[in-house]
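Written out below as structure tokens is the structure these notes cover.
2 protein chains.
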Amino acid sequence: MQRYFLDDQQQIKKDDWHHILTVMRMQSGDDIELCTTTGQCYLAKLSLENIPLKYEMIQPLDVVINKGKITLIQGIGKGDKNEFVVKYATQFGVDQIIFIEMKRSISKMDDQTWHKKKDRYEKIALESARLAHRNTVPTIDFLPNIKALNGDFSHAFVAYENDRKAVFLDKIEGIKNGDSIALLIGPEGGIDELEMALLKDKGFISVGLGNRILQTEVACLYGLAIIDGVLERKR
Amino acid sequence: MQRYFLDDQQQIKKDDWHHILTVMRMQSGDDIELCTTTGQCYLAKLSLENIPLKYEMIQPLDVVINKGKITLIQGIGKGDKNEFVVKYATQFGVDQIIFIEMKRSISKMDDQTWHKKKDRYEKIALESARLAHRNTVPTIDFLPNIKALNGDFSHAFVAYENDRKAVFLDKIEGIKNGDSIALLIGPEGGIDELEMALLKDKGFISVGLGNRILQTEVACLYGLAIIDGVLERKR
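In the order they appear, the protein sequences are chains F and G.
The numbering of the first sequence is the numbering used here, which starts it at 54 and goes up by one.
The numbering of the second sequence is the numbering used here, which starts it at 54 and goes up by one.
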């Protein structure tokens, strides 16, 4: 069944009208799933006679209980790598993505550029969350450097190719339901040594994500799959 | 350091000459890593005076011991989804990819089309293995339907969205180093019930890959990351 996210006023978003009416060709009386901004989802019946589109709530749906807050801190990549990360990390269950400019980031980001990009990334996250049948949409933020990063997580990890022997699955056995977990992935050029020292000061533990070199845009998926796998088991 | 795969005659492949000479602008005496078709890798010194390019072996490299044979059986996807799977599954450590036409595959494949595609997929796998610093390149095959699938694996799993409670990490705790492990991922439209019955007859165990709906091209990455994570721990 199609799932849509409501806006703050509990209305079907204008952006979704076209999808409902023209792409899906839905009719009044058709059932859909609607999720509120707090992550509660309902079975609902559409009423399409008027604009704005209306609906009638039928019953609440069982939703997956929030298993923890998973934050991906991703070194800014070039080209469409950031879009790739938003799209697929959303499917892999991330709750927050923080793009961060790092010393070896080839693409640079200023506040003005970020303002434009953020809108686009949020749309991608919303659409990906809808298709993945998530009940929440990840938030997306930007930080100008590692110094600006608040290390306030229950567990914080950084993927570091020189630490491949620190098997990620061993390092995360201790995570519990409800913990906040951060995973930092460097940009294409890797993580500078001074940044690494700063991250360790902030409590980040370096981990290996397997014995191969992963491109930056998929390294996060390797890590998120393993975090989700462990949390699924503990649920 | 750059890594290249040698051909059956232990020569640097013609396809790599351009990369070595023009893209990387290497000089005689530069060090590279070379891997044989059997997965042994060496540090070597280039000698570029003549065509074909020559090299001198310096010393064998420690390579990751084969941890098991991981086979991805992937329902044929449309557009460039198959290329996506080859590229990234190679980075996630797959040893064999079998594309399979399934009842709900939107794109169809005949032997003639496959012949053309196979070449392209093998090139993508080779390049991805090189970048990931693997010592082997996955093989790529095609089967016309589930019936043609040989179920001869130590452990065979099929991702099935109706079985989300069968947590993958629990199901694969028993895998051991050296085992042959298969993971089947259906096409966009999912797996037909008759196909599912046939798979179970062949010994496939259905598993859930998290509590969201994953697009077919990344579902394999979720599964491969968890398999690799468990094998890394057992190595």
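Don't be surprised by glycine CBs; every beta carbon is placed ideally from N, CA and C.
Margin query: Let me check understanding here. Comparing Cα to Cα, which of G:M79, G:L274 and G:L267 lies closest to E270 of chain F?
Written below: Stepping through the first sequence from its first residue, residue 270 of chain F is reached at position 217. Checking every option, the nearest Cα to that of E270 of chain F belongs to G:L274.
Notebook entry, point to check: Where K169 of chain F and V138 of chain F are concerned, what is the direct C-alpha to C-alpha distance, given to the nearest angstrom?
Noted result: Position 116 of the first sequence holds residue 169 of chain F. Position 85 of the first sequence holds residue 138 of chain F. Taking the straight line joining both Cα atoms gives about 17 Å.
Note to self: Can you list, in chain order, the residues of its chain with a C-beta nearer than 7 Å to that of Y141 of chain G? Leave out the 5 residues immediately preceding and following it.
What the structure shows: Taking the first residue of the second sequence as position 1, residue 141 of chain G is located at position 88. L274.
Item checked: Within-7 Å CB hit, Y57 of chain F to chain G -> Reading the first sequence from its first residue, position 4 is the one you call residue 57 of chain F. Answer no: the Cβ-Cβ gap between Y57 of chain F and chain G never drops below 7 Å.
Next item on the list: Starting from M249 of chain F, follow the alpha helix (DSSP H) in both directions and report where the run begins and ends.
Entry: As a working mapping, residue 249 of chain F is identified with position 196 in the first sequence. Its alpha helix (DSSP H) spans residues E246 to D254.
Notebook entry, point to check: If contact means a Cβ-Cβ distance below 7 Å, which residues of the stretch 209–238 of chain F contact chain G?
Noted result: V220, F221, L222 and D223
Item checked: Cα-Cα separation between I153 of chain G and L59 of chain G, rounded to whole angstroms -> Here the question's residue 153 of chain G lines up with position 100 in the second sequence. Here the question's residue 59 of chain G lines up with position 6 in the second sequence. Their backbone Cα atoms lie some 29 Å apart in a straight line.
Next item on the list: Taking only the alpha-carbon atoms, compute the straight-line gap between I225 of chain F and V283 of chain F and give it to the nearest angstrom.
Entry: Residue mapping note: residue 225 of chain F aligns to position 172 of the first sequence, counting from 1. Residue mapping note: residue 283 of chain F aligns to position 230 of the first sequence, counting from 1. Spanning the two alpha carbons is a distance of roughly 8 Å.
Checklist line | Proximity test, Cβ basis, 7 Å: E180 of chain F and chain G | finding: If you number the first sequence from 1, residue 180 of chain F lands on position 127. It does not: the Cβ of E180 of chain F has no partner Cβ on chain G nearer than 7 Å.
Note to self: So if DSSP puts I279 of chain F in a beta bridge, which residue, or which two residues, is it bridged to?
What the structure shows: Mapped onto the first sequence, residue 279 of chain F falls at position 226. Its beta-bridge partners do not exist; DSSP assigns none.
Note to self: Taking the alpha-carbon of G227 of chain G as reference, which of G:A250, G:R183, G:P240 and G:R286 has the nearest alpha-carbon?
What the structure shows: Position 174 of the second sequence holds residue 227 of chain G. Of the listed residues, the one whose Cα sits closest to G227 of chain G is G:R286.
Check: For chain F, is any of its Cβ atoms less than 7 Å away from the one on Q144 of chain G?
Finding: By one-based count along the second sequence, residue 144 of chain G stands at place 91. Interface residue, yes.
Check: For the candidate residues F:L99, F:Q62, F:D232 and F:G82, whose alpha-carbon lies nearest to that of T91 of chain F?
Finding: The residue labelled residue 91 of chain F in the question sits at position 38 within the first sequence. Closest option to T91 of chain F, Cα to Cα, is F:Q62.
Next item on the list: Check whether the Cβ of L284 of chain F lies closer than 7 Å to any Cβ atom in chain G.
Entry: For the purposes of this step, residue 284 of chain F is taken as the residue at position 231 of the first sequence. No, L284 of chain F does not count as interfacial toward chain G.
Item checked: Span of the alpha helix (DSSP H) around H71 of chain G -> On the second sequence, position 18 is the one that residue 71 of chain G refers to. H71 of chain G -> alpha helix (DSSP H) spans K67 to H71.
Notebook entry, point to check: Does G263 of chain G get closer than 7 Å to chain F when you measure Cβ to Cβ?
Noted result: Your numbering for residue 263 of chain G matches position 210 in the second sequence. Closer than 7 Å: yes.
Notebook entry, point to check: Given 8 Å as the limit, is there contact between the stretch 187–206 of chain G and the stretch 170–177 of chain G, that is, 3 or more CB pairs closer than that?
Noted result: yes
Check: So which residues of chain G does V271 of chain F contact, with C-beta pairs closer than 8 Å?
Finding: Translated into positions along the first sequence, residue 271 of chain F becomes position 218. Under the 8 Å cutoff, chain G gives Y141, Q144, F145 and L274.
Item checked: Short Cβ contact (7 Å threshold) for R157 of chain F with P240 of chain F -> Your numbering for residue 157 of chain F matches position 104 in the first sequence. Your numbering for residue 240 of chain F matches position 187 in the first sequence. In contact: R157 of chain F and P240 of chain F (Cβ atoms closer than 7 Å).
Note to self: Please classify E246 of chain F as buried or exposed, where buried requires at least 16 other C-beta atoms within 10 Å of its C-beta.
What the structure shows: Along the first sequence, one-based indexing puts residue 246 of chain F at 193. When all chains shown are included, E246 of chain F counts as exposed.
Next item on the list: Could you please give me the residues that DSSP links to H208 of chain G through a beta bridge?
Entry: As a first step, residue 208 of chain G is located in the second sequence; it is residue number 155 there, counting from the start. Bridge partners of H208 of chain G: G:I234.
Next item on the list: Run down chain F in chain order and give the residues with a C-beta less than 8 Å from the C-beta of R187 of chain G.
Entry: Translated into the one-based positions of the second sequence, residue 187 of chain G becomes position 134. Result: R265.
Check: Roughly how many angstroms separate the alpha carbons of D232 of chain F and L125 of chain F, rounded to a whole number?
Finding: In the first sequence, the residue the question calls residue 232 of chain F occupies position 179. In the first sequence, the residue the question calls residue 125 of chain F occupies position 72. Cα-Cα distance, rounded: 14 Å.
Item checked: Cut-off 8 Å between Cβ atoms - residues of its own chain near F257 of chain G, not counting five sequence neighbours on either side -> On the second sequence, residue 257 of chain G is found 204 positions in, with the first residue counted as 1. So the qualifying residues of the chain are G204, A209, F210, V211, A235 and L237.
Notebook entry, point to check: By the 10 Å Cβ neighbour count, where 16 or more other Cβ atoms means buried, how is M110 of chain G classified, buried or exposed?
Noted result: Start at 1 with the first residue of the second sequence, and residue 110 of chain G comes out as number 57. So M110 of chain G counts as exposed.
Next item on the list: Report buried or exposed for I159 of chain F, applying the criterion of at least 16 other Cβ atoms within 10 angstroms of its Cβ.
Entry: By one-based count along the first sequence, residue 159 of chain F stands at place 106. With fewer than 16 Cβ atoms within 10 Å of its Cβ, I159 of chain F is classed as exposed.
Item checked: Beta-carbon contacts of M77 of chain G that lie in its chain and below 8 Å, excluding the five residues immediately before and after -> For the purposes of this step, residue 77 of chain G is identified with residue 24 of the second sequence, where counting begins at 1. The residues are Q55.
Notebook entry, point to check: Quick one: what's got a C-beta closer than 6 Å to I73 of chain F's C-beta in the same chain, skipping five residues either side?
Noted result: Residue 73 of chain F sits at position 20 when you count from the first residue of the first sequence. Once the five neighbours on either side are set aside, the close Cβ partners of I73 of chain F are M79.
Checklist line | Buried/exposed call for K67 of chain G, threshold 16 Cβ in 10 Å | finding: Here the question's residue 67 of chain G lines up with position 14 in the second sequence. It is exposed - the Cβ of K67 of chain G has fewer than 16 other Cβ atoms within 10 Å.
Checklist line | chain F contact for D148 of chain G (CB, 7 Å cutoff) | finding: As a first step, residue 148 of chain G is located in the second sequence; it is residue number 95 there, counting from the start. No, its Cβ sits nowhere closer than 7 Å to a Cβ of chain F.
Item checked: Option in F:V220, F:K120, F:K161 and F:E180 with minimal Cα separation from L262 of chain F -> To locate residue 262 of chain F, count along the first sequence from 1; it is residue 209. It is F:V220.
Item checked: Complete beta strand (DSSP E) runs within the stretch 77–141 of chain G (minimum length 3 residues, chain order) -> 84–88, 94–100, 107–113 and 122–128
Notebook entry, point to check: In whole angstroms, what separates the C-alpha of A97 of chain F from that of N188 of chain F?
Noted result: As a first step, residue 97 of chain F must be located in the first sequence, where it is residue number 44. As a first step, residue 188 of chain F must be located in the first sequence, where it is residue number 135. Near 15 Å, if we compare the C-alpha coordinates of N188 of chain F and A97 of chain F.
Next item on the list: Leaving out five residues on either side along the sequence, give the residues of the same chain with a beta carbon under 7 Å from the beta carbon of V147 of chain G.
Entry: Along the second sequence, one-based indexing puts residue 147 of chain G at 94. Hits under 7 Å: I123, L125, P191 and L277.
Notebook entry, point to check: Per DSSP, L59 of chain F is paired with what?
Noted result: Taking the first residue of the first sequence as 1, we reach residue 59 of chain F at position 6. Its beta-bridge partners are F:I65.
Next item on the list: Output the distance between the C-alpha atoms of T143 of chain G and Y108 of chain F, rounded to the nearest integer angstrom.
Entry: Numbered from 1 along the second sequence, position 90 holds the residue referred to as residue 143 of chain G. Numbered from 1 along the first sequence, position 55 holds the residue referred to as residue 108 of chain F. One C-alpha to the other measures close to 46 Å.
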